[in-house]
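Undergrad:
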Ligand SMILES: Nc1nc2c(ncn2[C@@H]2O[C@H](COP(=O)(O)OP(=O)(O)OP(=O)(O)O)[C@@H](O)[C@H]2O)c(=O)[nH]1
Ligand SMILES: [Mg+2]
Ligand SMILES: [Zn+2]
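Numbering (my numbering), first residue to last: 0 to 305.
(1) By DSSP, does residue 8 sit in helix, in strand, or in coil?
(2) Give the residues whose C-beta lies closer than 5 Å to at least one heavy atom of ligand 3, in chain order.
(3) Just curious, the alpha helix (DSSP H) that residue 111 is in, first and last residue?
(4) Along the beta strand (DSSP E) that carries residue 251, what are the first and last residues, could you check?
(5) Quick check on residue 262: buried or exposed, where buried means 16 or more other Cβ atoms within 10 Å of its Cβ?
(6) Quick one: give me the first and last residue of the beta strand (DSSP E) that residue 93 is part of.
(7) Shorter than 8 Å, the distance from the beta carbon of residue 84 to the closest heavy atom of ligand 1, or not?
(8) Within 8 Å, do at least three Cβ pairs link the segment 106-122 to the segment 82-98?
(9) Could you tell me the alpha carbon to alpha carbon distance between residue 57 and residue 67, rounded to whole angstroms?
(10) Can a CB atom of chain D be found closer than 9 Å to the CB of residue 98?
(11) Touch check for the segment 43-62 and the segment 133-144: three-plus C-beta pairs under 8 Å?
(12) What is the residue span of the alpha helix (DSSP H) that residue 162 lies within?
(13) Name, in chain order, the residues that DSSP records as bridge partners for residue 56.
(14) Which of helix, strand or coil does DSSP assign to residue 51?
(15) Alpha helix (DSSP H) containing residue 294: first to last residue?
(16) If we call anything under 9 Å between Cβ atoms a contact, is residue 41 one with residue 95?
(17) For residue 186, is the beta carbon positioned less than 8 Å from some heavy atom of ligand 1?
(18) Just to confirm the assignment, what range does the alpha helix (DSSP H) spanning residue 144 have?
(19) Taking a contact to mean a Cβ-Cβ separation below 9 Å, would you say residue 85 touches residue 43 in this structure?
(20) Taking only heavy atoms of ligand 1 into account, decide whether any of them is closer than 8 Å to the Cβ of residue 194.
(21) Taking the alpha carbon of residue 241 as the point to measure from, which residue in 170, 148, 37 and 300 has its own alpha carbon closest?
(22) Using DSSP bridges, identify the partner residues of residue 72.
(23) Output yes or no for whether 9 Å exceeds the beta carbon distance between residue 98 and residue 131.
(24) Output the distance between the C-alpha atoms of residue 168 and residue 140, rounded to the nearest integer angstrom.
(25) On a CA-only basis, which of 297, 269 and 250 is nearest residue 284? Give me that one, please.
(26) If you run the structure through DSSP and keep just helix, strand and coil, what is residue 130?
(27) Assuming residue 177 is part of the beta strand (DSSP E), what are its boundary residues?
(28) With a threshold of 8 Å, establish whether the CB of residue 285 neighbours any heavy atom of ligand 2.
(29) Can you tell me whether residue 306 is buried or exposed? The criterion is at least 16 other CB atoms within 10 Å of its CB, across all chains shown.
(30) Verify the contact flag: residue 174, CB atom, against every heavy atom of ligand 2, threshold strictly below 8 Å.
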């Protein structure tokens with residue numbers, strides 16, 4: 000039996016797991032029956048683990064799961080963590096849209112941002128294909144997000160705009176890359192990491208709709224440090240279990256004002272003395288963002304009804 004070494008779980012969904020050892024090699028590991036779970040958690044893609052080589056076994060043994068810095072998953076209605084963890088130890092969620100072809104969908108963007116906020120994970124936005132249209136148009140649509148604290152990268156694989164900065168933002172950290180099909184996720188990855196041939200999966204509405212068995216995430220080690228995770232189920236992680244009254248906490252501009260409403264349980268819909276609606280009236284909160292709030296809130300409320 001060898002001494003335990005540190006490893007990162009790249010993929011797998013129970014049974015055998017692909018892990019990357021500290022020296023960079025990739026191997027297969029199985030969870031040992033008496034694994035030490037410091038957070039009491041189930042193993043998930045992205046987990047940091049210790050593995051040991053048992054000479055009688057072909058696979059490495061995972062003997063310890065280290066505590067997580069973050070996890071992306073559903074919360075159960077009580078607010079505690081549910082069992083289904085899509086990814087562990089994410090540093091950031093990167094939401095990719097195209098300026099055109101396909102047209103950006105801000106409602107979908109806000110949904111991804113809410114998911115990141117609900118899981119306490121930082122988010123950044125990539126607006127790709129800026130070669131195809133006017134950058135001023137892009138800034139009009141996405142500039143407001145920078146003011147909310149989400150970095151925005153305007154990129155093109157054709158002109159190379161923004162590519163170096165995006166590459167810098169990925170270096171040495173673990174990122175989940177998500178966004179609709181055709182926006183250029185794979186193209187961006189292949190431009191930043193030539194020869195890596197990353198297959199970054201699409202988040203497909205039609206495939207995932209109504210299916211509650213989240214497909215496993217895959218982590219891809221990056222040649223200059225860090226990981227990119229494609230999370231086929233991110234869309235689906237959705238708002239499961241996120242309480243309707245907590246949705247305002249997932250919008251930074253609402254969060255900052257929600258405490259000033261006349262009623263502590265203000266839904267910011269039609270209540271008098273609502274500081275959110277006051278700010279909306281004064282143009283301090285964008286109508287688009289407010290529309291996303293009401294829509295996501297409604298969706299969460301609908302989930303709460305038995
Ligand atoms: N003009 C232009 N075209 C781009 C750019 N980035 C990607 N494309 C094109 O957009 C199309 C879709 O790109 P992909 O990289 O396959 O998109 P994806 O997000 O990986 O799509 P899925 O894998 O389906 O999720 C391809 O034809 C790319 O060549 C860009 O910056 N400018
Ligand atoms: Mg792709
Ligand atoms: Zn209010």
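Just so it is clear, CB atoms sit at the ideal spot from N, CA and C, and this is done for glycine as well.
TA: From the atom records:
(1) Judged by DSSP in its simplified three-state form, residue 8 adopts strand.
(2) One residue after another in chain order, those with a Cβ under 5 Å from a heavy atom of ligand 3 are 260, 265, 267, 273 and 275.
(3) That run of the alpha helix (DSSP H) goes 105-117.
(4) Premise fails: residue 251 lies in the alpha helix (DSSP H), 251-257, not in any beta strand (DSSP E).
(5) Per the 10 Å Cβ criterion, exposed.
(6) Secondary structure note for residue 93: its beta strand (DSSP E) is the uninterrupted segment 91-97.
(7) Because no heavy atom of ligand 1 lies under 8 Å away, the Cβ of residue 84 does not count as near it: no.
(8) Yes, they touch.
(9) Cα to Cα, residue 57 sits roughly 28 Å from residue 67.
(10) Among the chains in the structure shown there is no chain D, since it carries only a single protein chain.
(11) These segments do not touch.
(12) Counting along the chain, the alpha helix (DSSP H) containing residue 162 begins and ends at 162-169.
(13) Residue 56 is not bridged to any residue.
(14) Strand at residue 51.
(15) That run of the alpha helix (DSSP H) goes 286-303.
(16) Not a contact, by the Cβ cut-off of 9 Å.
(17) At least one heavy atom of ligand 1 is nearer than 8 Å to the Cβ of residue 186, so yes.
(18) In the DSSP assignment, residue 144 falls within the alpha helix (DSSP H) that extends over 134-146.
(19) Contact flag set, yes.
(20) Exclusion of residue 194 from the 8 Å shell around ligand 1 follows from its C-beta lying no nearer than that to any non-hydrogen atom of the ligand.
(21) Of the candidates 170, 148, 37 and 300, the one whose C-alpha sits nearest the C-alpha of residue 241 is 300.
(22) Partner(s): 84.
(23) The criterion of a C-beta distance shorter than 9 Å is satisfied by residue 98 and residue 131.
(24) Just so you know, the alpha carbons of residue 168 and residue 140 end up roughly 22 Å apart.
(25) Among 297, 269 and 250, the Cα nearest to that of residue 284 is on 250.
(26) Assignment of residue 130 by DSSP, reduced to helix, strand and coil, places it in the helix class.
(27) Under the DSSP assignment, residue 177 falls in the beta strand (DSSP E) whose first and last residues are 173-177.
(28) For residue 285, the distance from the CB to the nearest heavy atom of ligand 2 is not below 8 Å.
(29) Given that the chain is displayed from residue 0 to residue 305, the structure contains no residue 306 and the question cannot be resolved.
(30) Residue 174: no, Cβ never under 8 Å from ligand 2.
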